[in-house]
Every structure is written in C-alpha cells, then in structure tokens.
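Novice: Please read through the structure below; I'll follow up with questions.
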Amino acid sequence: MTDEPANLPELPMALPVTGELDLHTFRPQDVKAVVMEYLEACRTQGLLEVRVVHGKGLGQLRQTVHAVLAKLPWVESFTLAGEHYGGTGATVVHLKPAGPSAG
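Each residue of the sequence shown is one higher than the last, beginning at 853 in the working numbering.
So this is what it looks like as structure tokens:
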C-alpha cells in the first residue's frame with residue numbers, strides 16, 4: 853500500500869442506498885466524490901430519482917453539487933426540489949438507466 857490518495861476517497865462508512873443523500877455530515881472536500889459514488893450506486897440498483905440534500909445556506913454547496921451533476925454523462929436532469937421536499941436546500945436528480953440504452 854502507498855500513502856498516495858486514490859482518485860476518489862474511500863468513504864468512511866457504507867452509505868445505505870435509499871435514494872436520498874444528505875451531505876450535511878460530509879467534509880466539503882469529500883462532497884464531489886461522495887455525490888459521484890452515491891449516484892453511481894443508486895443507478896446500479898435501479899434508483900433513477902435521487903434527492904441530494906445540500907442545505908440552503910449561502911448556496912456554495914448547492915453550486916458544487918450542481919457543477920458535479922452537470923459533468924456526469926449518466927445524469928439525465930436535475931432541478932431544485934419542490935417546496936415540500938426541501939426547496940432550495942435539496943436537488944432532485946434523474947439518472948439514466950445503467951446498461952445499454954434502448955434507443
């Protein structure tokens with residue numbers, strides 16, 4: 853083993869894949885990797901709609917999450933959650949199905 857960091861940091865604990873990711877407990881420097889890994893896990897399990905809770909605050913974490921989502925080729929779309937689902941404090945992500953697409 854080396855002391856060199858991997859491309860994606862290993863998550864300190866296994867996250868349950870429920871279709872909702874709450875980022876409040878993660879360090880800012882880990883958010884990008886956590887979002888990518890979690891969404892890939894959801895997609896693999898067939899969960900194609902995921903709510904990412906980033907909080908309202910100043911919007912910096914939301915901007916980071918949206919920047920990550922915009923670069924992922926398997927993200928179909930994303931939008932802020934409806935008022936009863938977190939409003940500007942959460943983003944709803946629609947993922948493309950894993951595997952070959954059907955036209």
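Glycine included, every Cβ here is placed at the ideal spot set by N, Cα and C.
Bear in mind the structure is a predicted one, so any value in this text is a computation, not a measurement.
1) From this set, 947, 917 and 925, which residue's C-alpha is nearest residue 874's C-alpha?
2) What number of angstroms, rounded off, separates the C-alpha of residue 914 from the C-alpha of residue 922?
3) Would you call the CB atoms of residue 867 and residue 947 closer than 8 angstroms?
4) Rounded to whole angstroms, what's the CA-CA distance from residue 908 to residue 942? Just pull it up for me.
5) Along the chain, where does the alpha helix (DSSP H) that runs through residue 895 open and close?
6) For the alpha helix (DSSP H) that residue 870 lies in, which residues bound it at each end?
7) Taking Cβ to Cβ, would you say residue 927 is nearer than 8 angstroms to residue 897?
8) Could you tell me the distance, in whole angstroms, from the CA atom of residue 878 to the CA atom of residue 887?
9) Thinking C-beta only, is residue 944 closer than 8 angstroms to residue 889?
10) Please classify residue 938 as buried or exposed, where buried requires at least 16 neighbouring CB atoms within 10 angstroms.
11) Only counting the same chain, and skipping five residues up and downstream in sequence, which positions put a Cβ closer than 8 angstroms to that of residue 895?
Specialist: This is what the structure holds:
1) By 1-based counting over the sequence shown, the position of residue 874 is 22. Ranking 947, 917 and 925 by Cα distance to residue 874 puts 917 first.
2) Position 62 of the sequence shown holds residue 914. Position 70 of the sequence shown holds residue 922. The straight-line gap from Cα to Cα measures roughly 12 angstroms.
3) As a position in the sequence shown, residue 867 is number 15, starting the count at 1. As a position in the sequence shown, residue 947 is number 95, starting the count at 1. Cβ distance not < 8 angstroms, so residue 867 and residue 947 don't count as in contact.
4) The count along the sequence shown starts at 1 and reaches residue 908 at position 56. The count along the sequence shown starts at 1 and reaches residue 942 at position 90. So the two alpha carbons sit approximately 8 angstroms from each other.
5) In the sequence shown, the residue the question calls residue 895 occupies position 43. Boundaries of the alpha helix (DSSP H) harbouring residue 895: 883 to 896, taken from the DSSP string.
6) For the purposes of this step, residue 870 is identified with residue 18 of the sequence shown, where counting begins at 1. Unbroken run through residue 870: none, as it is neither H nor E.
7) For this step, residue 927 is matched to residue 75 along the sequence shown. For this step, residue 897 is matched to residue 45 along the sequence shown. No, the pair does not count as a contact, with Cβ atoms beyond the cut-off.
8) Sequence index remark: in the sequence shown, residue 878 carries index 26 (1-based). Sequence index remark: in the sequence shown, residue 887 carries index 35 (1-based). Rounded to the nearest angstrom, the two C-alpha atoms are 10 angstroms apart.
9) Residue numbering aside, residue 889 sits at position 37 when the sequence shown is read from its first letter. Residue numbering aside, residue 944 sits at position 92 when the sequence shown is read from its first letter. No, the Cβ-Cβ distance between residue 889 and residue 944 is not below 8 angstroms.
10) The count along the sequence shown starts at 1 and reaches residue 938 at position 86. It is buried - the Cβ of residue 938 has at least 16 other Cβ atoms within 10 Å.
11) Translated into positions along the sequence shown, residue 895 becomes position 43. These residues qualify, in order along the chain: 926, 947, 948, 949 and 950.
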